[in-house]
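In full-length UniProt numbering, the protein residues as written are 1 to 294.
Glycine included, C-beta positions come from ideal geometry on N, C-alpha and C.
Structure, as structure tokens:
In structure tokens:
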């Protein structure tokens, strides 16, 4: 099956993550179902008009511009692969343009509020789940790593001497992220506490569930959402918000943009530059509050 061949190519040659490959699979199956039910066509028989009708159908069914753009990106990669493999001769994506996405600034939480949360004894105790939950927040905010990167950290990735963590990023690219001595002490205390738990299956992965199993995406998301609710009323309270908070905090304190790019594991500077908008807005706010002529 062509879709399976394409996904295998993404896995072995492009080295995409399982999460990304699953998203590609869902997008392709959705377009395949649309073609079959609407036009009785297969993927290899699609033309531009069918892609255009698919975009309209997606928008009519409540998909956002971002979502439609992502699905078109999947189709663009898929048909580029089919052209290369000589499965199709004409690329139906040649004239397809993604809908314009309204620019949105990255959502972040003020670092002072995060400090208040993490320094408070009201929300955290000395039990294993509580120590783990606090370390999840501390690590995401203290390193700016992605959720998938957090879940992949093994105890062997932690260098206590150099106070750094080896991170496996997108497309299996490795980078070393420095951490504070305070965070490193918390990691060590957590590992010591974890070793005292009566877990049947010992694992080398850093973050685990209450029963010792490898932590999963939904667990981390719920942890972050729960604790951010205590300090923030904004709608988004995801692990990625802490990544944004990390980058914004660094930029506001004068960190070099290229250094932030490397710390975040961005492949291009353009992805990092979005944080400068938050910094500019903060400067404007300070000016309006402090300058007599503002």
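Comparing C-alpha distances from residue 201 to each of 212, 194 and 192 shows the shortest one belongs to 212. Between residue 217 and residue 12, the C-beta spacing is not below 9 angstroms. If you draw a straight line from the Cα of residue 203 to the Cα of residue 144, it is about 24 angstroms long.
Note on geometry: alpha-carbon atoms of residue 80 and residue 90 lie some 10 angstroms from one another. Under a 10 Å Cβ-count criterion, residue 154 is classified as exposed, with fewer than 16 other Cβ atoms of the shown protein chains found around its own Cβ. Selection 206, 258 and 171 evaluated against residue 14 yields 171 as nearest (Cα-Cα). Residue state for residue 126 is assigned as coil, using DSSP reduced to three classes. Between residue 117 and residue 123 a beta carbon distance of about 7 angstroms is seen, short of the 8 angstroms cut, so the two are scored as contacting. Taken atom to atom, the span from the alpha-carbon of residue 30 to that of residue 109 is near 36 angstroms. In summary, residue 134 is buried, with 16 or more beta-carbon neighbours lying within 10 Å of its beta-carbon over all protein chains present. Our two residues, residue 245 and residue 221, have alpha carbons roughly 16 angstroms apart in a direct line. Between residue 137 and residue 214 a beta carbon distance of about 19 angstroms is seen, past the 8 angstroms cut, so the two are scored as non-contacting. Positions of the alpha helix (DSSP H) runs, each at least 4 residues long and wholly inside the segment 5-83, are given as 18-39 and 48-60 in order along the chain. Taking 9 angstroms as the cut-off, the beta carbon of residue 131 is found closer than this to the beta carbon of residue 193. In this structure, DSSP gives residue 94 a state outside helix and strand, which the three-state scheme calls coil.
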